[in-house]
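Here the structure is laid out as structure tokens; the discussion comes afterwards.
In our numbering, the protein residues as written are 11 to 305.
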């Protein structure tokens, strides 16, 4: 046996050495190999952190919901301001209501005012004086064809006279509102014989009122239909691109005006009066269908 006694055999009956008697290096290795249990204080700290995290999550969700709710209210308020209408905000428990179908108004229903259709005002540069009265103007093509028509009528001893052509919005405002007031007419009564400003064919520079120079008493009257000038127009005006705007029983409900003619002899004028002409075509088709049924 050496001095350290490292090779001394251990007796079975020899008592175990206490931990303090284990060499320090061996004891450290032994203790480090053991699993250290979690102390109660550390457990409490972990639960505290989890609780704080849960509270932070709940607060975050609440703030997010509140922010979106505030933004929604601001958005609805902005829509109200922009559109000038009252919007109904959804309730927390909305009731689903199926609205009954309602017909969508047609273009004619939305734009038709007292039977009159809207028209844009021609510019002064687009207008040309007509023969017979330099103060009466039409668009260039319409004026040229009207002059040719009056020449042709004159050759047959018919003297067509221009009474009224292009009118500004101010002109029409006077004719509609001022004369309405002077004559004590109701609006619907005035609309039967005159268009509101913005709704007159005369704004376009394509419409013209025509009279018979030999029968001045018939100017702007239904009696014009009894003149030779009107009879000539019925037979020949179409050859020069003109047509009667408001015949008897016209679909717009405007009073019969045998003196009022419009030019539809080029693409622009035809497009300008497309809506009014389609109404007349529909009326003629309906009348033809009724006639066929009666026969």
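The beta carbon of each residue, even a glycine, is placed where N, CA and C say it ideally should be.
Predicted model, so just to flag it, every value in this text is computed and none were measured.
The alpha helix (DSSP H) enclosing residue i, as first and last residue numbers
i: residue 199; result: 197 to 201
i: residue 235; result: Premise fails: residue 235 is in no alpha helix (DSSP H) and is neither H nor E.
i: residue 210; result: Element bounds for residue 210: n/a, residue is neither H nor E.
i: residue 279; result: 277 to 282
Helix, strand or coil at residue i according to DSSP, with G and I counted as helix
i: residue 259; result: coil
i: residue 31; result: Confidence is the limiting factor: at residue 31 the pLDDT is only 49, short of 50, which leaves the residue's position unreliable, though a coordinate-based value still follows. Residue state, collapsed to three classes: helix.
i: residue 291; result: helix
i: residue 230; result: coil
i: residue 4; result: Residue 4 is absent from the structure shown; the chain starts at 11 and stops at 305.
i: residue 248; result: helix
i: residue 221; result: strand
Among the options, nearest to residue i - alpha-carbon criterion
i: residue 124; options: 275, 229 and 205; result: 205
i: residue 149; options: 185, 273 and 281; result: 273
i: residue 147; options: 127, 174 and 131; result: 174
i: residue 249; options: 264, 159, 154 and 235; result: 159
i: residue 172; options: 139, 185 and 186; result: 139
i: residue 165; options: 126, 64 and 242; result: 242
i: residue 257; options: 230, 247, 251 and 269; result: 269
i: residue 154; options: 276, 291 and 288; result: 276
i: residue 184; options: 168, 163, 126 and 207; result: 207
i: residue 218; options: 177, 187 and 161; result: 177
i: residue 167; options: 224, 131 and 211; result: 224
i: residue 212; options: 234, 191, 246 and 282; result: 282
i: residue 235; options: 221, 156 and 182; result: 221
i: residue 134; options: 179, 170 and 161; result: 179
i: residue 259; options: 285, 131, 290 and 239; result: 290
Whole-Å CB distance - residue i paired with residue j, under 8 Å assumed
i: residue 209; j: residue 128; result: 6 Å
i: residue 137; j: residue 263; result: With 8 Å as the limit, residue 137 and residue 263 do not qualify as a contact, their Cβ atoms being about 29 Å apart.
i: residue 202; j: residue 280; result: The pair is not a contact, with the Cβ atoms about 26 Å apart (cut-off 8 Å).
i: residue 288; j: residue 271; result: With a Cβ gap of about 19 Å, residue 288 and residue 271 do not count as contacting.
i: residue 141; j: residue 157; result: 5 Å
Residue i - containing beta strand (DSSP E), residue span
i: residue 270; result: 267 to 273
Chain C contact for residue i (CB, 8 Å cutoff)
i: residue 224; result: Although the question refers to chain C, the structure presented lacks it and comprises just one protein chain.
* Counting only runs that start and end within the region 122 to 174, where is the beta strand (DSSP E) found for 3 or more residues in a row? -> You should have 137 to 140, 143 to 149 and 170 to 174.
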